[in-house]
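Structure first, commentary second.
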Amino acid sequence: MYMAKRLTADFYQKHATELAPMLLGKLLCRAAADGVKRHRITETECYFGESDTACHAHKGRTERTKILYETGGRAYVYLCYGIHNLLNVVTGGKDFPEAVLIRGIAGAPGPGRLTKLLQIDRSLNGEDLMTSDRLWLEDDGFAAAFSATKRVGIDYATEEYRNKLWRYIMKEEV
DNA sequence: AAAGTGATCATG
DNA sequence: ATGATCACTTTG
């Protein structure tokens with residue numbers, strides 16, 4: 000048996016392209032009034048650098064995107080379509096913008112649904128996942144099989160980047 | 001298929 | 001100050 004342990008700095012400093020599939024099967028942990036809830040991540044998607052036309056930072060550093068340029072291990076939460084809070088994990092080294100969008104957890108498919116369930120909103124933007132007592136990630140040794148597909152909802156990106164297989168979906172447990 | 005909803009960013 | 005644009009979800 001493997002004790003769940005919090006993910007640490009060296010893990011988050013990998014590139015988003017490498018880390019996105021590794022986040023599948025990890026536990027998204029959220030402190031609530033009635034205790035800590037843990038949810039297994041089932042779907043992720045990565046956004047990688049200013050050259051990625053789907054990445055929020057593709058037009059450079061702004062007030063909203065500056066968190067993406069930080070060293071990996073922070074949360075990037077933003078409001079999408081005026082309604083949904085979307086949770087990303089900032090990855091990689093300092094001054095290179097990249098992140099992994101958490102698109103689904105067990106029992107709550109959809110990036111907007113899971114944040115509603117876990118009550119994650121922009122007050123958690125910038126949260127340090129390595130030290131926070133409100134939001135963090137753990138590894139309990141679960142190894143996930145997965146498939147890679149194209150990202151969704153990014154019609155505005157160039158064809159090259161629309162076609163990247165940067166969405167990772169965990170296969171059903173058997 | 002289309003609305004709902006509001007922060008963000010570029011433009012004036 | 002204003003307007004276009006969205007990394008979605010729900011409803012019909």
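In numbering that gives the first Met the number 0, the protein residues as written are 0 to 173.
Here a beta-carbon is modelled for each residue, glycine too, at the ideal position from N, C-alpha and C.
It should be emphasised that the depicted structure is a prediction, and the values quoted were computed from it without experimental measurement.
* Asked: If you count every other CB in all the chains shown that lies within 10 Å of the CB of Pro-20, and 16 or more means buried, which is it?
  -> On the first sequence, position 21 is the one that residue 20 refers to. Looking at its Cβ environment, which holds 16 or more other Cβ atoms inside 10 Å, Pro-20 is buried.
* Asked: Tyr-46 to Ser-131, Cα distance in whole Å?
  -> Locating residue 46 in the first sequence gives position 47, counting from the first residue. Locating residue 131 in the first sequence gives position 132, counting from the first residue. Rounded to the nearest angstrom, the two C-alpha atoms are 24 Å apart.
* Enumerate in chain order the residues of its own chain whose CB-to-CB distance from Gly-125 is below 7 Å, with the five nearest sequence positions on each side excluded. => Residue mapping note: residue 125 aligns to position 126 of the first sequence, counting from 1. These residues qualify, in order along the chain: Ile-66, Arg-73 and Ala-74.
* Drop a sphere of 10 angstroms on the beta-carbon of Lys-163, count the other beta-carbons inside from all chains shown, and report buried for 16 or more, exposed for fewer. => Against the first sequence, residue 163 aligns to sequence position 164. Lys-163 should be labelled buried.
* Asked: Considering only residues of the same chain and omitting the five flanking positions on each side of Ala-143, which have a CB-CB separation below 6 Å?
  -> Sequence index remark: in the first sequence, residue 143 carries index 144 (1-based). Leu-23, Gly-24 and Met-169, listed in sequence order.
* Tell me Phe-47's beta-bridge partners as DSSP assigns them. => Counted from its first residue, the first sequence places residue 47 at position 48. DSSP output for Phe-47 lists Glu-97 as bridge partner(s).
* Asked: So which of Leu-117, Thr-157, Ala-98 and Thr-64 has the shortest CA-CA distance to Thr-16?
  -> As a working mapping, residue 16 is identified with position 17 in the first sequence. Closest option to Thr-16, Cα to Cα, is Ala-98.
* **Residues near Asp-120 by beta carbon distance below 6 Å, same chain, minus five either side** => Translated into positions along the first sequence, residue 120 becomes position 121. Closer than 6 Å at the Cβ level, and outside the excluded window around Asp-120, lie Asn-84.
* **Residue environment, Ile-82, which counts as buried when at least 16 other CB atoms sit within 10 Å** => Working through the first sequence from its first residue, we reach residue 82 at position 83. Label assigned to Ile-82: exposed.
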